[in-house]
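Number of protein chains: 2
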Amino acid sequence: MSDEIELTHTSHIVLGLLSMAGEATPYDLKQMVSATVGHFWSLPHSQLYAEPARLARAGYVTETRETEGRRRKLYSLTTRGRQAHESWLGVLTPEPYMLRDLALLKLFFGADAHQLAEVQLETHRQKLAEYETLMEQTAAYSSAGPRLALDLGTRHERQTVEFWEEHASQPKMAPASRSPNTSRGS
Amino acid sequence: MSDEIELTHTSHIVLGLLSMAGEATPYDLKQMVSATVGHFWSLPHSQLYAEPARLARAGYVTETRETEGRRRKLYSLTTRGRQAHESWLGVLTPEPYMLRDLALLKLFFGADAHQLAEVQLETHRQKLAEYETLMEQTAAYSSAGPRLALDLGTRHERQTVEFWEEHASQPKMAPASRSPNTSRGS
DNA sequence: GCCTCAATAGTCCGAAACATACCATCCGAT
DNA sequence: ATCGGATGGTATGTTTCGGACTATTGAGGC
Numbered sequence: 714m715s716d717e718i719e720l721t722h723t724s725h726i727v728l729g730l731l732s733m734a735g736e737a738t739p740y741d742l743k744q745m746v747s748a749t750v751g752h753f754w755s756l757p758h759s760q761l762y763a764e765p766a767r768l769a770r771a772g773y774v775t776e777t778r779e780t781e782g783r784r785r786k787l788y789s790l791t792t793r794g795r796q797a798h799e800s801w802l803g804v805l806t807p808e809p810y811m812l813r814d815l816a817l818l819k820l821f822f823g824a825d826a827h828q829l830a831e832v833q834l835e836t837h838r839q840k841l842a843e844y845e846t847l848m849e850q851t852a853a854y855s856s857a858g859p860r861l862a863l864d865l866g867t868r869h870e871r872q873t874v875e876f877w878e879e880h881a882s883q884p885k886m887a888p889a890s891r892s893p894n895t896s897r898g899s
Numbered sequence: 714m715s716d717e718i719e720l721t722h723t724s725h726i727v728l729g730l731l732s733m734a735g736e737a738t739p740y741d742l743k744q745m746v747s748a749t750v751g752h753f754w755s756l757p758h759s760q761l762y763a764e765p766a767r768l769a770r771a772g773y774v775t776e777t778r779e780t781e782g783r784r785r786k787l788y789s790l791t792t793r794g795r796q797a798h799e800s801w802l803g804v805l806t807p808e809p810y811m812l813r814d815l816a817l818l819k820l821f822f823g824a825d826a827h828q829l830a831e832v833q834l835e836t837h838r839q840k841l842a843e844y845e846t847l848m849e850q851t852a853a854y855s856s857a858g859p860r861l862a863l864d865l866g867t868r869h870e871r872q873t874v875e876f877w878e879e880h881a882s883q884p885k886m887a888p889a890s891r892s893p894n895t896s897r898g899s
């Protein structure tokens, strides 16, 4: 412990997840991410091996190994880590948010909206469906934070779908019934 | 020219801007970014010096210098660059988008929504106002792409503001008649 | 008992992006 | 004359990205 490091976004995700899980291996973190924040904040799984190690060096988490089997590394928050997490939660952030949407970028640069819409609709409808499923699952037992976040996410998706719907079906030749054969096979 | 590189998001932004401007210095690009795509896709200005150079090495843009004054570097698309840009525009991307919103992250991890809302409202209202101003300015003369992108951006902001409004003024005492002041006037 | 396949679990690395600090020049107003 | 602000640019250490690559484990078929 004791290299001074600065806590990055990734750090706070790891700290946050550990505070929820109590104790976790990087692989657990990976699962958690993809089930939760990964929906809107993606990161490569390699980070989830590198970052806890970094946090351990700086004394925010402890690293122990299983004594048997794969001898996986188990991480959990130290007092310092818990404090860091909590004070992060308490700090108000006017921080700008980033919406990195390739489709939006292409739209801006003049791509054909109708064409874009086709793919975007599929993507976002699927995501919306996922969210709605999640919503049902978590409605009862989950704590407030995740539910609120999911709520905002769902609204975003719903709106995005609406937007693209408006641009989907009337490119220039408006009339006939397009058979919307968006079969959802994987 | 002729190192093979792969075109990143940053590359495509630079190519796109150059295709709009015809010719530009990194500083020009910097201005353009902050006036346009920078609203939703931020990047450090140093990239706008590094990236064109990289693209020049690979033959996507030409680099010339002013012969007088500051002898700034001027970039413009080569045929290859223009092609790359256009084919990028044409490719359909189911690519997932990322919403990197610290506030959302904190919300997820259990931060106090009421408190968060305060700051978020300020930020997003301001952004919304910006967008609405931009909207008026660009309504007439601007081409379709930017207008559509702006439209989507504006809706996002509007919705985000709505969301935080719901969490701003009634922290835990729920009951009374909420005046649903979600006026949708532009 | 052996094999295979999927899920689990982890390492590694080059390239890109990030954030910021720093430097230099020009020009108009005091 | 000089000061400050806009202009214009470089440099650098850290983080992130993205994916390739390698094991191990356990369940089910044969």
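Going down the list, the sequences are from chains A and B.
When the first sequence is numbered by my numbering, its final residue is 899 and no position is left out of the sequence of numbers.
When the second sequence is numbered by my numbering, its final residue is 899 and no position is left out of the sequence of numbers.
No residue lacks a Cβ here, since even glycine has one placed at the ideal position from N, Cα and C.
{"query": "Best match in B:Val-804, B:Thr-836, B:His-837 and B:Arg-868 for proximity to B:Met-848 [C-alpha to C-alpha]", "result": "B:Arg-868"}
{"query": "Assigned exposure category for A:Ser-724 - 16 Cβ within 10 Å defines buried", "result": "buried"}
{"query": "Top-ranked residue by Cα proximity to B:Ser-755, from B:Gly-823, B:Thr-738 and B:Ile-726", "result": "B:Ile-726"}
{"query": "Where B:Val-804 sits in the DSSP three-state scheme", "result": "coil"}
{"query": "Residues bridged to A:Val-774 [DSSP beta-bridge criterion]", "result": "A:Leu-790"}
{"query": "Within chain B, partners of A:Met-811 - CB distance below 9 Å", "result": "Phe-753, Trp-754, Ser-755, Met-811, Leu-812, Arg-813 and Asp-814"}
{"query": "B:Thr-895 in three-state terms, based on DSSP", "result": "For B:Thr-895, the predicted structure reports a pLDDT of 44, less than 50, and the residue's modelled location is therefore unreliable. The matter cannot be settled from this model."}
{"query": "Chain A within 8 Å of B:Gln-828, Cβ atoms only", "result": "yes"}
{"query": "Helix, strand or coil at A:Arg-795 [DSSP, three-state]", "result": "helix"}
{"query": "Whole-angstrom distance between A:Leu-728 and B:Leu-749, CA atom to CA atom", "result": "Checking the sequence, you will find Thr at residue 749 of chain B rather than Leu. Using only the alpha carbons, I get a separation of about 35 Å."}
{"query": "Near-chain A residues of the region 785-802 of chain B - C-beta to any C-beta below 8 Å", "result": "His-798, Trp-801 and Leu-802"}
{"query": "Chain A contact for B:Ser-724 (CB, 8 Å cutoff)", "result": "no"}
{"query": "Simplified DSSP state of A:Leu-812, which is helix, strand or coil", "result": "strand"}
{"query": "Assigned secondary structure, B:Ala-824 (DSSP; H/G/I helix, E/B strand, else coil)", "result": "coil"}
{"query": "Proximal residues to B:Thr-873 (C-beta, below 6 Å), its chain only, five neighbours per side dropped", "result": "His-837"}
{"query": "DSSP beta-bridge partners of A:Ala-737", "result": "A:Tyr-788"}
{"query": "Other residues of its chain near B:Glu-736: CB distance less than 8 Å, five sequence neighbours each side excluded", "result": "Leu-787, Tyr-788 and Ser-789"}
{"query": "Whole-number beta carbon distance between B:Leu-815 and A:Leu-865, since they are thought to touch under 8 Å", "result": "13 Å between Cβ atoms; not a contact."}
{"query": "Under 8 Å by beta carbon: chain A residues contacting B:Thr-846", "result": "In chain order: nothing, as chain A lies at least about 18 Å away."}
{"query": "Outcome for B:Thr-777 when other beta-carbon atoms lying within 10 angstroms are tallied against a minimum of 16", "result": "exposed"}
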